[in-house]
Amino acid sequence: MDDEINISTKKQIISMRNRVIHGYDKIDDAIVWGTIIRHLPILKKEVTVHGYRFTVNG
1378 MDDEINISTK KQIISMRNRV IHGYDKIDDA IVWGTIIRHL PILKKEVTVH
1428 GYRFTVNG
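In the numbering used here, the protein residues as written are 1378 to 1435.
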(Lines of atoms letter the chains of each structure in order from A and count residues from 1; the text may use other names and numbers.)
(Lines give C-alpha, C1' and ligand atoms only; values in the text may rest on other atoms or scores of the structure.)
Protein backbone atom coordinates (compact mmCIF):
# COMPACT_ATOMS: atom_id res chain seq x y z
CA MET A 1 0.00 0.00 0.00
CA ASP A 2 1.10 3.53 -0.71
CA ASP A 3 2.45 5.05 2.51
CA GLU A 4 1.27 8.50 1.41
CA ILE A 5 -2.37 7.43 1.54
CA ASN A 6 -3.86 7.59 5.02
CA ILE A 7 -6.03 4.50 5.37
CA SER A 8 -7.38 4.11 8.88
CA THR A 9 -7.63 0.31 8.70
CA LYS A 10 -4.44 -0.45 6.76
CA LYS A 11 -3.19 -3.12 9.19
CA GLN A 12 -6.61 -4.79 9.37
CA ILE A 13 -6.85 -4.87 5.56
CA ILE A 14 -3.49 -6.60 5.31
CA SER A 15 -4.45 -9.05 8.06
CA MET A 16 -7.76 -9.90 6.34
CA ARG A 17 -6.00 -10.40 3.04
CA ASN A 18 -3.53 -12.80 4.65
CA ARG A 19 -6.34 -14.78 6.28
CA VAL A 20 -8.23 -15.06 3.00
CA ILE A 21 -5.15 -16.02 0.97
CA HIS A 22 -3.64 -18.51 3.42
CA GLY A 23 -6.66 -19.84 5.26
CA TYR A 24 -9.35 -19.85 2.60
CA ASP A 25 -10.72 -23.18 3.80
CA LYS A 26 -11.36 -21.70 7.25
CA ILE A 27 -12.96 -18.41 6.18
CA ASP A 28 -16.51 -17.68 7.30
CA ASP A 29 -18.40 -16.08 4.41
CA ALA A 30 -20.59 -14.13 6.83
CA ILE A 31 -17.53 -12.49 8.40
CA VAL A 32 -16.12 -11.53 5.01
CA TRP A 33 -19.47 -10.15 3.85
CA GLY A 34 -19.95 -8.23 7.11
CA THR A 35 -16.49 -6.72 6.71
CA ILE A 36 -17.32 -5.64 3.17
CA ILE A 37 -20.62 -4.04 4.18
CA ARG A 38 -19.19 -2.22 7.21
CA HIS A 39 -15.76 -1.16 5.99
CA LEU A 40 -15.81 -0.82 2.20
CA PRO A 41 -17.73 2.49 2.18
CA ILE A 42 -15.16 4.01 4.57
CA LEU A 43 -12.25 2.69 2.52
CA LYS A 44 -13.83 4.07 -0.64
CA LYS A 45 -14.03 7.56 0.90
CA GLU A 46 -10.43 7.43 2.12
CA VAL A 47 -9.09 6.31 -1.27
CA THR A 48 -11.25 8.73 -3.27
CA VAL A 49 -9.97 11.69 -1.23
CA HIS A 50 -6.52 11.04 -2.72
CA GLY A 51 -7.82 11.16 -6.29
CA TYR A 52 -7.96 7.44 -6.91
CA ARG A 53 -10.97 6.10 -8.76
CA PHE A 54 -12.82 3.30 -7.07
CA THR A 55 -14.50 0.86 -9.41
CA VAL A 56 -15.79 -2.66 -9.03
CA ASN A 57 -15.74 -4.84 -12.11
CA GLY A 58 -18.52 -7.37 -12.12
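Quick reminder that beta carbons are idealized off the backbone N, C-alpha and C, glycines included.
Item, Value
"As assigned by DSSP and simplified to three states, the class of residue 1423", "helix"
"C-alpha distance - residue 1428 paired with residue 1422, whole-angstrom precision", "10 Å"
"Beta-carbon spacing of residue 1391, residue 1384 below 8 Å", "no"
"Span of the alpha helix (DSSP H), counted from its first residue to its last, around residue 1384", "No alpha helix (DSSP H) contains residue 1384, which DSSP labels as neither H nor E."
"Alpha-carbon spacing of residue 1419 relative to residue 1406, whole angstroms", "20 Å"
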